[in-house]
Amino acid sequence: MRDEAKTIARGLQKRDPDLLDRLIQQYQYRLFRYLVYVTGDKARAEDFFQETWIRVLERGHQYDGKSKFEAWLFAIARHLVIDWQRAKKTQSLDALTDPQQENPLQLANEKEPSPLHQVLSREKEADLHTSLEKIPAIYREVLVLRFQEELQIEEMAGVLSIPVSTVKSRLYRGLDALRGALQGGTA
């Protein structure tokens, strides 16, 4: 992993277009999905997606390869959203969520399950998405990073700029709040 991170760091410092193409190819779905969940708006997520990659190109020399590239990438995206919120005088990520917005981007599987499984899966996903919207954004964000984007706790701490212990407590409280929301209550 260290060698890959160092290779990425060297390529970004040289502004290697082939490397940037490979990185976009590798992380585009995960980054976009994260931005859709954080903003609740597909169009806004597209804008942040583009701006994130522009920042990677502009500030690639700042990536030193000591941490995973994906943690650095997600931190850039998160900070863009936070900066936008501050400019709009929004108090939290909750304010970005539009309850009338369609479900986040659905990515197609290569192996198609049966129609029954598809329907059941969509219902479960819709219930989960609805329940995620009910819990505070501070918990929703850590749950999405951990279980959807599959970041490690240490990586999440880097992305969120908070201590590992805070990540753990937010995960615990977030799971508890999500459990309550799934059972029909509110967080």
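Be aware that the sequence shown starts at 0, since it is given in numbering that gives the first Met the number 0, and climbs by one per residue. Glycine included, C-beta positions come from ideal geometry on N, C-alpha and C. Computed from a predicted structure; not experimentally measured.
Got a sec, what are the start and stop residues for the alpha helix (DSSP H) residue i sits in?
i, result
"residue 25", "16-38"
"residue 195", "Limits of the chain in this structure are 0 at one end and 186 at the other, which puts residue 195 out of reach."
"residue 47", "41-57"
For the putative contact between residue i and residue j, defined by C-beta atoms under 8 Å, what is the C-beta separation to the nearest angstrom?
i, j, result
"residue 31", "residue 44", "6 Å"
"residue 156", "residue 166", "5 Å"
Looking only at C-alpha atoms, which of the options sits nearest to residue i?
i, options, result
"residue 62", "10, 33, 49 and 23", "10"
"residue 177", "121, 138, 149 and 148", "138"
"residue 174", "134, 40 and 151", "134"
"residue 182", "143, 152, 127 and 153", "127"
"residue 68", "144, 146 and 1", "1"
"residue 66", "168, 169 and 150", "150"
"residue 142", "37, 121, 72 and 83", "37"
"residue 153", "146, 162 and 147", "162"
"residue 51", "23, 170 and 40", "23"
Give the secondary structure of residue i by DSSP, where H, G and I count as helix, E and B as strand, and everything else as coil.
i, result
"residue 138", "helix"
"residue 64", "coil"
"residue 161", "coil"
"residue 153", "helix"
"residue 132", "helix"
"residue 124", "helix"
"residue 148", "coil"
"residue 183", "coil"
Here's the rule: buried if 16 or more other CB atoms are within 10 angstroms of the residue's CB, otherwise exposed. What is residue i?
i, result
"residue 90", "Residue placement at residue 90 cannot be trusted, given a pLDDT of 49 that sits under 50; what the coordinates show is reported in the next sentence. Residue 90 is exposed by the Cβ-count criterion."
"residue 130", "buried"
"residue 7", "buried"
"residue 159", "buried"
"residue 58", "exposed"
"residue 80", "buried"
"residue 14", "exposed"
"residue 85", "exposed"
"residue 75", "buried"
Are the C-beta atoms of residue i and some chain C residue less than 7 Å apart?
i, result
"residue 133", "Among the chains in the structure shown there is no chain C, since it carries only a single protein chain."
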